[in-house]
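A.B. asks:
2 protein chains.
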Amino acid sequence: MLIAQEIKKQIIEVADTRFRRYGFGKTTMAEIAKDCHMSAANLYRYFENKEKIGIEIALKCLHQKEQIGEAVLERDGLSAGERLETFFIDILHYTYDICANDEHLFELVAFISQEHKDIVRQHQASLLAFIGRILEEGIQEETFDIQDVSSKAETILFAMVHFYYPPLVMMNNHRLDQLEHAAKNVVRLLIQGLAKH
Amino acid sequence: MLIAQEIKKQIIEVADTRFRRYGFGKTTMAEIAKDCHMSAANLYRYFENKEKIGIEIALKCLHQKEQIGEAVLERDGLSAGERLETFFIDILHYTYDICANDEHLFELVAFISQEHKDIVRQHQASLLAFIGRILEEGIQEETFDIQDVSSKAETILFAMVHFYYPPLVMMNNHRLDQLEHAAKNVVRLLIQGLAKH
DNA sequence: ATAATGAATATTCAATATAATATTCATTAT
DNA sequence: ATAATGAATATTATATTGAATATTCATTAT
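Those protein sequences? They're chains D and G, same order as listed. Quick note: the first sequence, position 23, residue 23 per the numbering used here, numbers continuous. Quick note: the second sequence, position 144, residue 144 per the numbering used here, numbers continuous.
1) Closer than 8 Å by C-beta to Y22/D: which residues in its own chain qualify, once you throw out the five before and the five after it? Chain order, please.
2) For the alpha helix (DSSP H) containing D148/D, list its first residue and its last residue.
3) What residues match up with A195/D in a beta bridge as DSSP calls it?
4) Considering only C-alpha positions, which residue in the set I91/G, V149/G and V72/G is nearest to M160/G?
5) Report the rounded CA-to-CA distance for N185/G versus R20/D, giving the unit in angstroms.
6) Distance check for A15/D and I146/D, CA to CA, integer angstroms please.
7) So is V199/D in contact with chain G if we call contact Cβ pairs under 8 Å?
8) If you follow the alpha helix (DSSP H) that R83/G is part of, which residue opens it and which one closes it?
9) Quick check on the burial criterion: 16 or more other C-beta atoms within 10 angstroms. Buried or exposed for H162/D?
10) I need the DSSP call for G69/G, collapsed to helix, strand or coil.
11) For E141/D, which residues from the same chain have a beta carbon less than 6 Å from its beta carbon, with the 5 sequence-adjacent residues on both sides left out?
12) The alpha helix (DSSP H) spanning E31/D covers which residue range?
13) So, do the segment 129-141 of chain G and the segment 62-81 of chain G have three or more beta carbon pairs nearer to each other than 8 Å?
14) For the alpha helix (DSSP H) holding M170/G, just list the boundary residues, first then last.
15) Taking only beta-carbon atoms, is A80/G less than 8 Å away from chain D?
16) Where does H157/D land, buried or exposed, given buried means 16+ other C-beta within 10 angstroms?
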């Protein structure tokens, strides 16, 4: 039935709004149900439990982050180096905004990430794939000198963790402009290291 | 009086042993006092409170880590690149060992780091200074091409955070050999980026 | 059969009481 | 004066309970 999918979507929508405003813990199933004009018991026909709703929302958030990255891949007129830099800067901005403005959402994603490592791995795999594609582009352009693309992508992700991993982005309450400056320095040094001479 | 310094040292020694075995929270001032053959009240003649004892131990630990780094600076027969790599590998090993074997000590240092950002800043400043010296060496050797040494040192520290910052070292229970491999890849890419062509 | 519910039960949370421990202080010993 | 203590007090952790909430289930409606 497609209608069931619609209802699931509505539940997520409603829960998302409440989670962001009041947090996961302070939102009750009864409240979500009321917003959907149904009983709390009926929610369980659509989600196994409250945490599963939280997971969906965290996934939605990570997916959005991936779309930010993906958008950079489709932008025209960038060299591979510029694309890599833009990729991380855009992701940094998105991550920072979420963490700074949606404290509750940040906590939810942090919690889910903690409990469900597979979700994090999946997300990282997406980012790795994007970086891989940018590196391939650099090889095509003959600006990058790379033997093993996926190994190099992994290396770059390790080096940039400070700028996409939420707890680190928020650590030491750096300002966004400071982080952006640091991120540019790191990514440019990496690009320099990738460059063909 | 020098004897007072001796007693302070003994208190730290005794507390260190208990903190490592039972943790900071589960160790009482009375126990520390008993190990020192004195009353709990008397401890306060040497330390303002329990947390100050914890700080001393955390500092000792960070200082030891700095000495690991410093030792690399004095080693003979290394190029600047090799020295930078060795520096981070040695620090990774030390960090990993502490975190993997001394769970309680790890928690103590993490807690103190959380509460006393100045201590972390101080520690990072030490690491930065070491990296700076290695970079200078590379400039002398004419293998590194660097304009602003302290800026580049900072950039390198950002990129290597995964391999010296305890919570990240321990994250995703990577094995030491995996971390070492990743650390080498990152540091070598950075060195490539610093290289003169 | 599918969707939904109210009531029953299980689990988690928050407030409180209680006990353990950190810290202070007045006093004693060196 | 300095070092140390035991007893008093303040603070923090632990256990206990009652209330709130998540989850299940038997029943009803479509």
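C-beta: ideal position from N, C-alpha, C; glycine also.
C.D. replies: With the given structure in hand:
1) H104
2) Unbroken run through D148/D: none, as it is neither H nor E.
3) F144/D
4) I91/G
5) 39 Å
6) 45 Å
7) The question about residue 199/D has no answer here: the residues shown for chain D are numbered 1 through 197.
8) A80 to N101
9) buried
10) helix
11) A80
12) M29 to D35
13) yes
14) P166 to M170
15) no
16) What sits at residue 157/D in the sequence shown is Leu, not His. When all chains shown are included, L157/D counts as buried.
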